[in-house]
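Scroll down for the structure; my scribbles are underneath it.
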Amino acid sequence: MHRERWGRLLQTLQVVRVSRRDQREDELLDVRVEAGETFTVTRNGRPVADIVPHGQPPRRRITLAEARELFALVKGEALIVSAITLGELAHRWSTSSRSPEGSPTWVAAGGATATMIATPIVRSVRRQESVVPIPQGHAVLGEGAPPVDRAAFGALSRPAVPRAERTAIGRSLRQATPRSALGEWTASPDRVDVLTHLARAHKGRVSELVRVRLERMAASPYGFLRGAAGINAADFATLPATGIQPVICGDAHLGNFGFYASPERDLVFDLNDFDEAHPGAWEWDLRRLVASTWVAGRCAGASEQDCEHAVYRCVRAYRRNLRRLAEEPLLARSYERIDADTMHRYVSGRSSREAVRQAADRARRRTSDRALPRFTTDQGGVRRIVTEPPLITRPAPAEYEALLAGLDQYVTTLPAHWARVVGGYHVVDIAHKVVGVGSVGLRAYLALCEGSTPGDVLFLQLKEARRSVVASFVHGDSAWHAHQGQRVVEYQQALQTVSDPLLGWTTVGERQFYVRQFRDMKGAIVLDGIDAAALADYAAVCGLMLAKGHARTSGASMIAGYCGHGDNLERALCAFARCYADQTEADHEVVRRSIG
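The number in the working numbering is simply the position in the sequence shown, starting from 1, with 281 added.
Printed below as a string of structure tokens:
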């Protein structure tokens, strides 16, 4: 019956309205479409879909409340979880049903700067980056699991599932996925060869920099692990999981936690890399974190017992903090944070405190004004970024102009106040700058901006954003996100308690970017040569912050119910981390030999 009702909805729902002005505009559009005209919907100036005639008389309109009600009836197929405005609908799409003629059924919508149009029956849509399927709720349970959060989450008109019930659901998931099963690691018989996997990941990257990326990965097993987020995701997708999917970092290794500046210029500690952030299995973040802990420990000369102790503390901190936060009000857990001053409460050893102090001191020195002497030179009274080929290079004139246009577009994605602030600067130079390990070969640019005086400087970084390595294992080949840079920004803001206020996104040519401040008091604990006590303390703090990130998005009560009060999770993931550290070292050796 639900499927029949869904079919009737598709036959009756044509355009959903959000305001009287939009209604008048869309009524004129209806007439012109039914008269035979074709229109293109644009989002931030880029075409996202074609709207063509239906060949049928105009259909009855229904309200958003009616649409939400009917969509929610279709369990497992399509769902609008917070359809309050069409701006929210712009990245919640449906590809799960088909029109009577068998052509795909799409929702086409404009974004913040476009006319807002939603039409679930579009007979001929040119599918582009901006047409993506609806995520089934914010915290999604896998196939066959109870449909928690699919309708209530994000809808103020509906009561949420009680916390005790959600905790019980998490506890019940142990039957299908015992906690001991998380300790298993055996490479799948059809596991893709490491070099083949890397070759696929290198498609579309700057070819001259692929060698640099491989060299950085070959430098050590930990260096390899830093660049192996895609390999890890493919491996973890073959392993047991509960099916609880909050927003995850997707690349939660030890090095992707660190210090950075809050908008109030406090130095805070949190996750700080979100290129791969996406809804996904919480276990995957925890697996990558514990594997990186064991591998980093070995690289630093720690014993296997020391590595196991560090992993145990990491998982224990995650489990306990998640349970604590699951009992907190939603707003309270959203304010949870650790700053440089309170960091000392979580580290006890002398070496740990010294490592934290040094990292905080380095971070406080990493600001735009202090970056001037290192990255720029004065050429006849004009500042220019110093080139260091192949790591820092100057773009061609046409590329430079495209980047300038992209930066202008970026300003429109900022909150109004910050757009005014950034708009007071102007770009004086742009250079391509290689960063990190996993990002090497992707386009990354450094823009030097000046305010009203030469001493008033702002460095902005544009980083190319591609589809998360997690995405294909969550929802296949179709994309959920209209703009990958916007995905990075929104999920960073979801996982971090406070974020860079200048986070935004843009498009340059066919490539999507996110934009942030460069060297804005960013700093991390140095893992090279870290002693066993400091490693254990640091891994525990990272476990705390990972739990905080997961608890901020959704699913905390279910994850806490699954993890329980005992140390079953700790023992399981210690076993996994040791086995996967062996796998990482073997994969690293393959790469090391391949480059001679």
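Idealized CB from N, CA, C, for every residue including glycine.
Cα-Cα separation between residue i and residue j, rounded to whole angstroms
i      : j      : result
Arg680 : Leu688 : It is Glu, not Arg, that sits at residue 680 in the sequence shown. Spanning the two alpha carbons is a distance of roughly 12 Å.
Gly732 : Val702 : 10 Å
Ala457 : Gly451 : 11 Å
Gly536 : Glu608 : 29 Å
Phe540 : Glu682 : 34 Å
Glu545 : Ala644 : 15 Å
Met802 : Ala697 : 24 Å
His590 : Ala862 : 15 Å
Arg579 : Cys860 : 13 Å
Arg748 : Glu557 : 8 Å
Ala821 : Pro676 : 43 Å
Ile666 : Val709 : 9 Å
Asp737 : Tyr706 : 9 Å
Thr788 : Cys844 : 41 Å
Leu741 : Val442 : 43 Å
Asp758 : Val751 : 11 Å
Gly511 : Ala482 : 8 Å
His372 : Ala763 : Confidence at His372 is low in this model, with a pLDDT of 35, below 50, so its placement is unreliable and no value can be given for it.
Leu612 : Ser438 : 18 Å
Thr668 : Ala725 : 14 Å
Asp587 : Thr467 : 24 Å
Val692 : Arg594 : 43 Å
Val421 : Thr658 : Any reading at Val421 must be qualified, since the residue scores a pLDDT of 38, below 50, and its modelled position is unreliable; no value is offered.
Gly485 : Arg604 : 42 Å
Which listed residue (the options) has its alpha carbon closest to that of residue i
i      : options                           : result
Glu564 : Gly464, Arg647, His713 and Asp818 : Gly464
Gln774 : Leu603, Pro521, Arg481 and Ser543 : Ser543
Asn553 : Arg852, Ala581, Met826 and Tyr616 : Met826
Asn880 : Ala856, Leu476 and Arg833         : Nothing about residue 880 can be reported from this structure: the residues present for the chain run from 282 to 877 only.
Asp781 : Ala813, Leu548 and Arg859         : Leu548
Tyr772 : Pro560, Arg638, Arg594 and Thr693 : Pro560
Phe656 : Ala760, His713, Gly485 and His764 : His713
Arg768 : Phe538, Arg594, Phe555 and Asp587 : Phe555
Tyr819 : Arg460, Gly485 and Val628         : Val628
Asp848 : Val592, Thr674 and Thr734         : Val592
Ile806 : Ala686, Val473 and Thr574         : Thr574
Asp516 : Phe538, Val493, Ala562 and Arg492 : Ala562
C-beta contact flag for residue i and residue j at 7 Å
i      : j      : result
Leu739 : Ser649 : yes
Thr523 : Leu567 : no
Gly880 : Thr448 : Residue coverage of the chain in this structure runs from 282 to 877, which leaves residue 880 outside it and unanswerable.
Val796 : Leu743 : yes
Gly790 : Val487 : no
Val571 : Leu808 : no
Pro527 : Ala462 : no
Leu784 : Gly830 : no
Leu672 : Val715 : yes
Pro502 : Thr865 : yes
Gly804 : Ala640 : yes
His534 : Arg569 : yes
Ala514 : Phe754 : yes
Arg800 : Arg664 : no
Ile840 : Ile525 : yes
Contact set for residue i: own chain, Cβ-Cβ below 6 Å, skip 5 residues either direction
i      : result
Arg444 : Ser838
Arg497 : Gly504 and Val718
Gln337 : Residue confidence for Gln337 is low, a pLDDT of 40 falling below 50, so the modelled location carries little weight; the figure read from the coordinates is stated next. Excluding sequence neighbours, Gln337 sits near nothing in its chain.
Gly766 : Ala746, Trp786, Gln793, Phe794 and Tyr795
Cys730 : Tyr706, Val708 and Leu739
Ile811 : Ala581
Proximal residues to residue i (C-beta, below 8 Å), its chain only, five neighbours per side dropped
i      : result
Val872 : Val475, Leu476, Leu479, Leu495, Met498, Ala499 and Phe505
Val596 : Leu567, Val571, Gly824, Leu850, Glu851, Leu854 and Cys855
Trp699 : Pro782 and Leu783
Glu870 : none
Thr778 : Val549, Asp551, Ser615, Tyr616, Glu617, Arg618, Lys829 and Arg833
Glu489 : Pro671
Residues near residue i by beta carbon distance below 7 Å, same chain, minus five either side
i      : result
Ala583 : Ala813 and Leu816
Leu606 : Arg614, Glu617, Ala828, Lys829, Ala832 and Ala837
Arg507 : His534, Gly536, Val718 and Gly719
Cutoff 7 Å: residue i Cβ touching any chain E Cβ
i      : result
Leu548 : Going by chain labels, chain E is absent from the structure shown, which holds only one protein chain.
Contained beta strand (DSSP E) runs [length at least 3] in the region 498-582, N- to C-terminal order: 538-542 and 548-552
Going residue by residue through the region 764-841, where are the continuous alpha helix (DSSP H) segments of at least 4 residues, counting only ones entirely within it? 765-776 and 813-834
Going residue by residue through the region 623-651, where are the continuous alpha helix (DSSP H) segments of at least 4 residues, counting only ones entirely within it? 631-646
Give, in chain order, every unbroken run of the beta strand (DSSP E) that is at least 3 residues long and sits entirely within the region 687-744. 707-714 and 725-731
Any alpha helix (DSSP H) of 4 or more consecutive residues that is wholly inside the region 584-630: 585-607 and 611-615
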